[in-house]
RNA sequence: GCCGGUAUGGUGGAAUUGGUAGACACGAUGGAUUCAAAAUCCAUUGCCGUUAAAAGCGUGUCGGUUCGAGUCCGACUACCGGUACCA
């Protein structure tokens with residue numbers, strides 16, 4: 124101990140322990156171990172060329188800390204990592220540089236692995252999955268074929284969002300606000316053959332499954348809203364002088380007497396169906412044409428300004444009141460939601476109200492309580508039905524119940540449920556993705572590739588630029604396109620579209636359980652052993668799309684008997700974003716990006732880890748603050764420098780005992796509640812106490828190393844070894860606290876007058892209320908305040924305070 | 001528009017069931033050490049006030065409940081995130 128280096132040499136020490144951990148596979152998860160299993164999952168990264176972002180570090184650290192702690196607690200921990208490597212950025216970069224995406228991806232993965240290790244994250248690197256590996260995407264294709272087999276895949280012509288800049292078809296989610304998610308270019312509408320996955324079939328099941336997911340309310344409600352369940356009724360409005368009905372969906376069947384007109388979407392099939400009867404067909408067609416060419420942006424901009432055309436020659440009949448009412452065509456009704464037609468109740472729906480005002484249509488009040496001269500009255504809690512013969516006087520809720528009974532009896536409608544969630548558009552016209560395993564045969568039509576022929580491998584090509592027709596680059600590769608029909612053997616052609624980026628990530632958590640299996644996605648035994656993901660952490664931005672897609676695939680695999688659990692995740696948390704020092708989102712263009720590797724190089728991985736966790740509440744977004752890094756480093760140095768004053772005693776220093784037990788308890792609770800910032804603050808407080816002692820015991824020091832280990836493992840390993848231990852901290856037992864040792868013998872009693880603190884005295888713990896009151900009145904300061912005043916009342920909170928109310 | 005979240009010192013942020021607001025850290029100031037600096041250590045650090053104290057003020061704004069409110073209730077403002085004519 125004589126030659127002691129006053130600051131820990133992070134470069135040397137961190138490298139030493141990383142080599143030890145990774146070379147000897149200390150973090151390897153053991154299949155079928157007798158220990159209880161724990162599966163911690165973090166969202167696998169897209170291996171971009173810039174390498175790791177500070178956000179990755181924060182995202183992984185929560186479960187990194189939990190995983191290290193769980194190992195100490197005796198669990199067999201599966202904490203895997205992989206790469207979601209298909210996708211546009213790599214492909215665009217490939218086009219730019221003429222380097223093959225395979226090469227780029229391999230290189231990026233290599234960089235990422237190295238960086239993850241230099242941060243000391245305790246991943247099981249033996250289980251890496253790479254979605255672009257044919258041994259992996261073979262099973263992605265396999266699941267697609269299974270979905271196809273179970274009629275959950277269909278092909279349809281659809282207007283799709285197309286980005287002329289990326290030359291790629293986008294999902295609704297990727298083209299929000301009419302802008303391309305990737306490049307920001309204006310999205311245009313384009314008719315295409317599109318593969319869909321029928322996720323809507325699982326809508327209800329996905330909603331129900333949320334009940335079993337442990338997560339905060341925000342995570343749950345975003346998913347709920349995305350699924351968007353509405354309960355109401357389908358009503359049949361007869362078209363006058365025909366045997367057809369106009370079907371509408373409504374959540375407010377109680378307002379049927381107030382339905383003064385109907386509105387159908389511009390794309391509604393009845394325009395064609397009744398074209399011979401429509402007197403102003405030209406005008407209608409013109410409107411349809413306009414609606415089609417409105418960009419998303421215009422539709423949003425003009426959202427308030429309703430437009431539409433009355434369909435002349437066509438009338439609907441209100442099936443309850445028998446009133447004849449006009450039908451309009453307007454783009455405020457969407458063909459993609461419900462039945463593409465509505466009954467408009469202007470008195471009680473804001474949109475219908477605006478439309479009625481603009482076109483001077485009747486507004487009939489059927490619920491009392493608002494002022495329909497001014498605005499639509501949409502309250503459903505307090506109103507009472509009027510002008511509605513069969514349901515007058517009822518509340519909205521009762522009226523809905525009663526009217527549904529009536530319409531069912533009269534066969535003019537039925538209860539119905541609608542979801543806002545749409546089927547999942549499942550193809551891209553790009554090269555760098557999983558080929559869709561489908562063959563087109565002139566005689567046999569669409570033929571799925573036989574399971575034995577999987578994987579359909581991506582051919583190694585030189586030119587990845589998409590064709591100007593919007594077709595995949597694969598369409599130009601004859602050797603890929605031309606094949607034999609698996610059914611009849613005749614010449615046939617392959618599907619050239621590839622899967623969207625969400626495909627590979629929809630089941631990767633299953634593959635980790637058995638990453639090299641070449642017979643199944645994973646063996647039944649391993650799926651059973653590892654079971655559900657115990658804790659899944661990732662970004663808030665993936666709570667809707669990725670989480671729902673992957674739950675959908677898992678539920679499907681459960682339904683066909685492939686996986687043992689209907690829901691894949693037990694618990695889900697999400698980290699907050701780290702913003703730039705300027706409080707703006709980090710981005711290259713703003714120049715506020717923090718490179719974690721630079722911090723590791725200068726201050727070390729332990730410092731980075733400690734600081735990122737200390738920065739703020741884990742779930743909140745927060746600006747980066749370079750200065751704070753020094754504070755974290757100082758904290759670790761203090762612990763390092765303390766080493767020479769450690770004595771050989773194996774019991775806690777008496778003066779520190781209570782604080783040690785308190786800290787163990789607090790740190791444990793904080794970590795489990797992902798309050799890493801306060802956990803670290805508590806350890807800092809303990810270290811400050813240690814520093815005040817001239818000597819500390821080996822026991823004092825060891826317990827600190829153990830509770831700090833999950834956060835700053837390199838430093839703790841090194842000091843642990845310096846204490847003479849032969850074994851690593853990895854599987855040392857996590858410390859327990861003794862509740863009896865938490866009791867304080869003396870407490871500080873606060874004395875206040877009228878709620879204002881006037882004095883503080885140290886008294887024995889657990890004194891009676893009367894005794895505390897007595898003590899309070901004895902205080903000189905208190906006496907000064909109550910002199911000449913009347914004591915109205917005294918409140919005593921045992922072990923806390925005495926408040927005297929005077930007048 | 002609707003749905004969430006947030007608002008606390010110069011800064012990042014703490015605060016258990018309503019019970020000492022500002023833990024912990026950064027920064028700053030003063031001092032020790034040093035030839036000097038860095039590092040380290042000690043002290044101070046919400047505002048106002050004072051020689052020092054006391055008193056007073058203080059958790060986005062306004063109001064309320066309470067012996068007592070950062071915390072509960074009502075109204076509002078700003079910022080962030082989600083969503084967008086969803087019938």
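Numbering (this note's numbering), first residue to last: 124 to 930.
All C-beta atoms in this analysis are idealised placements derived from N, C-alpha and C, irrespective of residue type, glycine included.
Keep in mind the model is a prediction, meaning the values are calculated, not measured.
If you check the CB distance, residue 363 and residue 438 come in under 8 Å. Taking a cut-off of 8 Å for Cβ pairs, the segment 518-536 and the segment 354-363 touch, as three or more such pairs fall below it.
As the crow flies, the alpha-carbon of residue 780 is around 11 Å from that of residue 809. Taking C-beta atoms as the reference points, residue 519 and residue 503 count as a pair closer than 8 Å.
By alpha-carbon distance to residue 326, the top candidate from 674, 748, 866 is 674.
By the 16-neighbour rule on beta-carbons within 10 angstroms, residue 732 is buried.
A direct Cα-to-Cα measurement between residue 902 and residue 882 gives close to 8 Å. Beta-bridge pairing by DSSP links residue 739 to no other residue. Looking at 618, 742, 835, 801, the one whose alpha-carbon comes closest to that of residue 264 is 618. Annotated as proximal: residue 451 and residue 434, with beta-carbon spacing under 8 Å. For residue 899, there is no enclosing beta strand (DSSP E); the residue is part of the alpha helix (DSSP H) that begins and ends at 892-901. Ranked by how close their Cα comes to the Cα of residue 203, the residues 671, 149, 227, 322 have 149 in first place.
Exposed is the label assigned to residue 221, since fewer than 16 other Cβ atoms lie within 10 Å of its Cβ. In the same chain as residue 191, and ignoring 5 residues on each side of it, the C-beta atoms closer than 8 Å to its own belong to 245, 832, 833, 836, 853, in chain order. Rounded to the nearest whole angstrom, the CA to CA distance from residue 469 to residue 396 is 27 Å.
Annotation for residue 343: 333, 336 place their beta carbon closer than 8 Å to its own, counting only its chain and skipping 5 residues before and after. Scanning its chain for C-beta atoms nearer than 7 Å, with the 5 sequence neighbours on each side dropped, one finds around residue 261 the residues 577, 578, in chain order.
In the same chain as residue 904, and ignoring 5 residues on each side of it, the C-beta atoms closer than 7 Å to its own belong to 881, 882, in chain order. Per the Cβ contact rule, the segment 385-405 is not in contact with the segment 488-503 (fewer than 3 Cβ pairs under 8 Å). Counting only residues of its own chain and dropping the five nearest sequence neighbours on each side, residue 472 has a CB closer than 6 Å to the CB of 499. Closest in C-alpha terms to residue 436, from the list 280, 278, 393, 918, comes 393.
Apart from the 5 residues on each side of it in sequence, residue 543 sits with its Cβ closer than 6 Å to the Cβ of 351 in its chain, given in chain order.
Selection 509, 638, 598 evaluated against residue 154 yields 638 as nearest (Cα-Cα). Taken in chain order, the complete alpha helix (DSSP H) segments of 4 or more residues contained in the segment 193-280 are 211-220, 224-241, 257-272. Per DSSP, residue 799 has no beta bridge partner at all.
Contact between the segment 678-691 and the segment 208-215 is absent, with fewer than three C-beta pairs closer than 8 Å. According to DSSP, residue pairing for residue 539 in a beta bridge involves 355. Scanning its chain for C-beta atoms nearer than 6 Å, with the 5 sequence neighbours on each side dropped, one finds around residue 477 the residues 429, in chain order. With a threshold of 16 other beta carbon atoms within 10 Å, residue 762 meets it and is buried. Taken through DSSP and simplified to helix, strand or coil, residue 568 comes out as strand.
The continuous beta strand (DSSP E) containing residue 924 extends over residues 924-929. For residue 696, the enclosing beta strand (DSSP E) begins and ends at 695-698.
Three or more Cβ pairs closer than 8 Å define a contact, and the segment 740-752 falls short of that threshold against the segment 194-208. At the C-beta level, residue 166 and residue 661 come within 8 Å of one another. By the beta-carbon neighbour count (other beta carbons within 10 angstroms, threshold 16), residue 677 is buried. Between residue 251 and residue 561, the alpha-carbon positions lie close to 28 Å from each other.
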